[in-house]
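The structure appears right after this line, and notes come after that.
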Amino acid sequence: MTPILVLTSTYPRWQDDTEPAFVRHLCLQLARAYRPIVLAPHYPGASRHEVLDGIEVYRFRYFLPFAQRLAYDGGIMTNLERHPARLLLVPFFLLSQFYWILRLCRARQIRLIHAHWLIPQGLLAVLARTLGCRRAKILCTAHGGDLWSMQGGLMNRLKGYVLRRIDHLTVVSRAMRDHLRATGRLPAHTSVQPMGVDLTGTFTPASATAARSGLLFVGRLVEKKGVITLLEALALLARNHPDLQLTCIGDGPERAGLEQRAAALHIADRVKFRGAVPNHQIPAYLRAARIAVVPSLVAGSGDQEGLGLVAVEALGCGCATVVSDLPALRDVVEDGSNGLVFRAGDAADLAAKLELLLQDQPLYDRLTAAGRQSVTGKFDWQAVGNGYIETIADCLGRP
1 MTPILVLTST YPRWQDDTEP AFVRHLCLQL ARAYRPIVLA PHYPGASRHE VLDGIEVYRF
61 RYFLPFAQRL AYDGGIMTNL ERHPARLLLV PFFLLSQFYW ILRLCRARQI RLIHAHWLIP
121 QGLLAVLART LGCRRAKILC TAHGGDLWSM QGGLMNRLKG YVLRRIDHLT VVSRAMRDHL
181 RATGRLPAHT SVQPMGVDLT GTFTPASATA ARSGLLFVGR LVEKKGVITL LEALALLARN
241 HPDLQLTCIG DGPERAGLEQ RAAALHIADR VKFRGAVPNH QIPAYLRAAR IAVVPSLVAG
301 SGDQEGLGLV AVEALGCGCA TVVSDLPALR DVVEDGSNGL VFRAGDAADL AAKLELLLQD
361 QPLYDRLTAA GRQSVTGKFD WQAVGNGYIE TIADCLGRP
């Protein structure tokens, strides 16, 4: 099989890791036609070279093991915001990853580099091809944070440099494609190809008789996830729904502040912060919840959702879903068709939509029945994998 090098800054560090696993799932799909070799950052306690789920994984060290805290645990940008001193790790991170790209390209005769995120992986792939990996084609996937955040003269020039030199760009939502078109930076070879969800074996509905109750949030506890809006909406619903509970799955730098806000709103006894849980446990929470809420908003830095796969997972589990009106989420939820949409950051509007689902059982039943059907053909990993396999074949066949 043709070897391809997959560059990423997040990948499961071990079995049952709580880190996002979408790059791993995509690699499992690509393995049907190619031989993916993953290059990811090292983390204390992780193996430097192993075969995980049949995929060969290299993890590059970029500093003393105990200090390798730039990636994972919320992502590079979040870690830099929380700990500015970690900016000192960035040059070592870039140099080490660049060295390993060159080393693996030469040793494994890599035909294509699949770089996840424009910065830094896309940039390093372009530089590596210029300085040594001349035979390799470059497919870059932008996930959202790399496009919406990291604004400014230098960063915009670097992203433009990457976009002009890759062979194909995939973006995970139409909103991202439209943004690039509006700014005049859309590459000629661009396609909208989301990440996927296992809708056949993992994110499946509960039995028809299973009891559902409460609200559920799943995601990192960072500003762009909008959990503060959800807490304020719950406070508005408290009088009419004294037993309504909210479960928050995930962790992050905003957790302490959110717990304090819940206490100030006198709803601390209604909110359960469960922290990060293994990915395989999330379907059980979605099957038990009455309503899943994706309250995302635009953060002060400009960062926002690239797609919002949590909404896909919820719909796949037959859970009623309410999302904010961010452009990327429109690829998943259509208001009144397979879920409900509220104005981002507007707690009163969110409370009104939740009230509607809590009171109107026919509407609830109609939306949950339509929800799973609306995502199975578009977001299941089999379909997503087919799209990426075809894109890679097109890249490799192009002069």
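Numbering (the working numbering), first residue to last: 1 to 399. Cβ atoms here follow ideal geometry from the backbone N, Cα and C, with glycine treated the same way.
Given residue i, which residues of its chain have a CB within under 7 Å of its CB, disregarding the five upstream and five downstream residues?
i: residue 179; result: 147
i: residue 212; result: 288, 289, 290
i: residue 333; result: 311, 321, 323, 339, 341
i: residue 20; result: 10
i: residue 352; result: none
i: residue 349; result: 342, 343
i: residue 74; result: 220, 222, 252, 253
i: residue 100; result: 39, 58, 60
i: residue 276; result: 18, 250, 251
i: residue 129; result: 136, 138
i: residue 76; result: 9, 70
Thinking C-beta only, is residue j closer than 7 Å to residue i?
i: residue 287; j: residue 370; result: no
i: residue 123; j: residue 158; result: yes
i: residue 102; j: residue 89; result: no
i: residue 112; j: residue 392; result: yes
i: residue 343; j: residue 365; result: no
i: residue 372; j: residue 300; result: no
i: residue 173; j: residue 328; result: yes
i: residue 116; j: residue 209; result: no
i: residue 42; j: residue 60; result: yes
i: residue 297; j: residue 226; result: yes
i: residue 171; j: residue 177; result: yes
i: residue 110; j: residue 5; result: yes
i: residue 309; j: residue 195; result: yes
i: residue 401; j: residue 92; result: With the chain represented from 1 up to 399, any question about residue 401 goes unanswered, as that position is not in the structure.
i: residue 306; j: residue 143; result: yes
i: residue 246; j: residue 234; result: yes
i: residue 336; j: residue 151; result: no
i: residue 295; j: residue 16; result: no
i: residue 86; j: residue 80; result: yes
i: residue 236; j: residue 244; result: no
i: residue 215; j: residue 293; result: yes
i: residue 193; j: residue 385; result: no
What does a CB cutoff of less than 6 Å around residue i pick up in its chain, not counting 5 residues either side in sequence?
i: residue 273; result: 248
i: residue 30; result: 36
i: residue 133; result: 105
i: residue 262; result: 231, 268, 271
i: residue 203; result: 197, 283, 313, 316, 317
i: residue 360; result: none
i: residue 357; result: 291, 320, 364
i: residue 33; result: 389
i: residue 25; result: 381
If you run the structure through DSSP and keep just helix, strand and coil, what is residue i?
i: residue 56; result: strand
i: residue 242; result: coil
i: residue 380; result: strand
i: residue 108; result: helix
i: residue 368; result: helix
i: residue 250; result: strand
i: residue 122; result: helix
i: residue 374; result: helix
i: residue 192; result: strand
i: residue 203; result: coil
i: residue 96; result: helix
i: residue 222; result: coil
i: residue 72; result: coil
According to DSSP, what are the bridge partners of residue i?
i: residue 183; result: Its beta-bridge partners do not exist; DSSP assigns none.
i: residue 482; result: Given that the chain is displayed from residue 1 to residue 399, the structure contains no residue 482 and the question cannot be resolved.
i: residue 292; result: 216, 321
i: residue 141; result: 116, 170
i: residue 40; result: 59
i: residue 335; result: 339
i: residue 49; result: 58
i: residue 198; result: Paired residues: none, contrary to the question.
i: residue 273; result: 248
Please confirm whether residue i has its beta-carbon closer than 7 Å to some beta-carbon of chain D.
i: residue 355; result: Among the chains of the structure shown, chain D does not appear; only one protein chain is present.
Here's a check: name, in chain order, each residue in its chain whose Cβ is nearer than 8 Å to the Cβ of residue i, leaving out the five neighbours to either side.
i: residue 185; result: 159, 160, 163
i: residue 83; result: 69
i: residue 380; result: 196, 197, 198, 199, 200
i: residue 345; result: 226, 229, 297, 324
i: residue 396; result: 2, 111, 112, 137
i: residue 97; result: 7, 39, 41, 60, 62, 120, 121, 124
i: residue 46; result: 13, 14, 59
Would you call the region 259 to 274 and the region 178 to 195 touching, i.e. three or more CB-CB distances under 8 Å? At 8 Å Cβ cutoff, the stretches do not touch.
Does the region 237 to 252 come within contact of the region 214 to 224, defined as at least 3 CB pairs closer than 8 Å? A contact exists between the region 237 to 252 and the region 214 to 224.
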